[in-house]
Amino acid sequence: MNQQSPMPKPRIALQIGITGHRSNKIADEHRAAVDQALRALYAMIGDSIAAIARETQGGVYSNAVPLIRIVSALADGTDRMAVAAAPGGWQIEAILPMPRAEYARDFLASNASDGSDHEFEHLLARAISVTELPLLPGLDVRDDAGRAQHYQALGTFLIRQIDLLVAVWDGRQAAGPGGTAAVIARAFAESRPVFWIDPGNPAQLRHIVALDTAAHDEHRWQNVDASLIDRILRAILMPPALPVSSHDEHHGAHGSEPSPATTPRTELPSYFGMSWPKPMRWPFAYNLLRRLAGAGRWSWPIKYPGYDDLGKSWDSFFSAVADARGVSDFNDRVRSILLPRSIWADALAWRHGHIYRSAYVSIFLLAGLSVPIGLCYLFFLESAAILDIKAGFVLVELFIISAVVIVVRRGVRMHWHALWLETRELSELLRLGRSLAYIGALRDFVAAPQPASLETFASWYVRAAFREIGLPSAVLDATYMKRVLRAALTTEIQEQRAYHTANARNLEKIHHMLHRKGDACFAATMYMLLIYLAAWATDHFVLAAHAAEHEAAGASHGLFHGLLEHYLKPIVSIAAAGLPALGAALSGIRAQGDFEGFAQRSTATQRELMEIERLIGALLSAPDQITLKSTTDALLAAALAMAEDVSAWHQLYVSKRLTLPA
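For the sequence shown, the residue numbers in my numbering are 706 to 1367.
Written as structure tokens, this is what we have:
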């Protein structure tokens, strides 16, 4: 991937979780029927994915072969039957409830003579990733109760990684906290579709619609057929429909806000076909504003860094986690999937954001300047060609107003505002997933929407990218977590805290500069009016005091009166109209940009990140406190704090479309 290629489209990806009984609970006479049911279910899933691919590849999805992954603990019984029944092109992701050597004891103890341990090793070698959950502190993993807690942690972690669950289950209450029924209940509570195969009646494929968690004998379900599978997979994989509203129709909104009225989306937004931003020469107004406020340096033309330079900005993070066992392959996966999409979205957000902000700065200033320019004919009132001169200034004013209208209409037609909001949200959410990918917390960060809710395109695209990444091959123990925490702290959290500190300071500078200059315009208007009144009073006083007595004084007074009549009067007239117009323009820029509000938001985010920085620092200084849960909680808190900043920014700016100054 490079800047010659357009922003990547997502690849169809689906994670299918497996849970179910061990071999001793599946009767030998039912095994073939269970296997047949699994294959029938997989065939319907495969057919539906193929149909979705035919409709969407080249449009909303890339042409790459769909990724379908079986996520399993590889235990004997259901897990291995489900893996064996999977089509050849499907991948396996293994999640183990504890380090593999300890986990293998289950198979050595219960299947010492049937080769289960060799099969386990074979399946581990076949898996594209093996994620080993750590031993839980304070629990004896060799004790039945302690081991059950590890299986419960496995079920919780597995549900967080999948799109749907396939369960081979007798429908009865779980024997322990990590049993099949508990995993199904967790999946159902988190709105994951659950397909149920009863080993006593495997020919009847079922989709659970209600669980009886009390008696465990009155579950509600519906028969599974191809149309049901297709509806469920489309709900998971298809992008949100395009919103259509009266404002969109008349003002060209690009669909950054959900709307009840929708149309099916068959193509990705237009920016997926855009090229890498080139140096910009004309949209310099915002850059100039920042320079005048002391909030940035002036550069022209305005350039965005190249793709390769931005790609190197992630190198420090990859280096920080590279020492962890098995992470190099996962680094490559994150580098090939997450990095290019985040960089591309950031580049497009920079482009559209700079154009949009320069546009609103320009239109307010031009609208304000058109007033004094239109009055400049007052200097030529005594000229015989006054009408021609007036026409010339009218043409100049018309040109300025036309430029304002053209900029606004072009901005609306090209969706500068909506594209900026969407690509900025995309860039930030993709970047924030970087650390979370290494601990299997991506779906905790950007969760699937509830069935009754509407989803933005940005969150759909981010979830699609996250599904592609999958899980790392690693033991998620304290040593591994320490590396991930340190990498996130030094290359993400501290950098973002420094950014928000500087951003708040610079936005405050712009806000105060605009406020002071706007006030100065109105103050200058008052001074100009007072000067004119003083000159007018002086003119009358001199005329009354000296005109009758001294002819020479009268001649002197005539010079003063001429200056008042031909120079000061038009200057004051132009200033009295132009300075308030310019002050209003500066106030309009201040209101449109809401620099003070965004500065306050950055300050709040900076404080939140400082707290999280202290929390992670405390964890790093006490390695015995580092667990998968504490690490996930800390990194999620950081990601959500930064995502909340993006969300607040989005909500503040979503109504600030490019419109004519009024």
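Heads up, the beta-carbon is just placed ideally off N, CA and C, and yes, glycines get one too. Note that the coordinates shown come from a computational prediction; the quantities given were computed from them, not determined experimentally.
Residues in its own chain within less than 7 Å of residue i by CB, not counting five upstream and five downstream?
i	result
serine 1067	Ala990 and Val1112
serine 1021	Thr1196
leucine 1324	Leu1190, Gln1330, Ile1331, Ser1335 and Ala1339
isoleucine 1106	Ser1075
alanine 890	Leu916 and Thr918
histidine 955	In this prediction, histidine 955 has a pLDDT of 42, which is less than 50 and means its spatial position is unreliable; nothing more can be read from the coordinates.
serine 1033	Ala1027
arginine 1002	Arg996
leucine 841	Gln854, His855 and Ala858
If you draw a straight line from the alpha carbon of residue i to that of residue j, how long is it in whole angstroms?
i	j	result
valine 1351	proline 944	21 Å
threonine 1308	isoleucine 864	36 Å
lysine 1222	alanine 1229	10 Å
alanine 1296	glycine 1302	10 Å
serine 777	glycine 1322	34 Å
cysteine 1081	proline 988	28 Å
leucine 1181	glutamate 760	39 Å
alanine 1282	phenylalanine 1227	10 Å
histidine 1057	tryptophan 1049	12 Å
isoleucine 1042	leucine 1341	21 Å
isoleucine 754	alanine 748	10 Å
proline 1366	alanine 1064	12 Å
arginine 1188	serine 1024	10 Å
alanine 738	leucine 938	25 Å
aspartate 935	glutamate 1200	44 Å
tryptophan 1121	alanine 1052	14 Å
For residue i, which three-state DSSP category applies?
i	result
asparagine 928	strand
methionine 985	strand
leucine 1015	helix
leucine 772	strand
glutamine 1311	helix
histidine 1245	helix
histidine 912	strand
tyrosine 1009	coil
alanine 853	helix
tyrosine 1237	helix
serine 834	strand
alanine 817	Annotation note: pLDDT 47 at alanine 817 (below 50); position unreliable, no value reported.
tryptophan 1121	helix
glycine 1283	helix
serine 777	strand
glutamate 1087	coil
tryptophan 901	strand
Assuming residue i contacts residue j (C-beta within less than 8 Å), just tell me the rounded distance between them.
i	j	result
aspartate 868	leucine 719	5 Å
leucine 1219	valine 1277	In fact, because the Cβ distance is near 25 Å, the residues do not count as touching under 8 Å.
arginine 1148	phenylalanine 1171	7 Å
leucine 844	glutamine 854	6 Å
alanine 1054	serine 1132	5 Å
threonine 724	alanine 872	5 Å
proline 713	methionine 979	That belief does not hold up - the Cβ atoms of proline 713 and methionine 979 are roughly 13 Å apart, past 8 Å.
glycine 1079	glutamate 1102	4 Å
histidine 1205	threonine 1310	5 Å
Look at the Cβ atom of residue i, then the Cβ atom of residue j, and state whether they are nearer than 8 Å.
i	j	result
leucine 838	valine 788	no
lysine 1214	glycine 999	yes
arginine 774	glutamine 796	yes
leucine 1291	tyrosine 1061	no
leucine 1357	glycine 1073	no
leucine 1137	alanine 915	no
leucine 933	valine 765	no
alanine 742	proline 898	no
arginine 744	alanine 806	no
serine 1140	valine 1151	no
aspartate 781	serine 728	yes
leucine 1015	isoleucine 1198	no
glycine 1293	phenylalanine 1098	no
tryptophan 1019	leucine 1044	yes
glycine 1011	glutamine 762	no
leucine 870	glycine 722	yes
phenylalanine 1104	isoleucine 1094	no
Within its chain, find whatever has a CB closer than 6 Å to the CB of residue i; leave out the 5 residues flanking it on each side and keep chain order.
i	result
alanine 1169	Pro715
leucine 1176	Glu798, Ser834, Thr836 and Gly1145
serine 961	At serine 961 the pLDDT is 47, less than 50, meaning the model places this residue with poor confidence; the figure from the coordinates comes in the next sentence. Counting only Cβ-Cβ distances below 6 Å, and skipping sequence neighbours, we find Ala1123, Leu1126 and Glu1127.
leucine 1212	Phe1300, Phe1303 and Ala1304
proline 771	Ile717, Ile754 and Ala758
Counting only the same chain and skipping the five closest in sequence on each side, list residues whose C-beta sits under 8 Å from that of residue i.
i	result
leucine 1273	Ile1236, Tyr1237 and Ala1240
arginine 1306	Asp1350, Ala1353, Trp1354 and Leu1357
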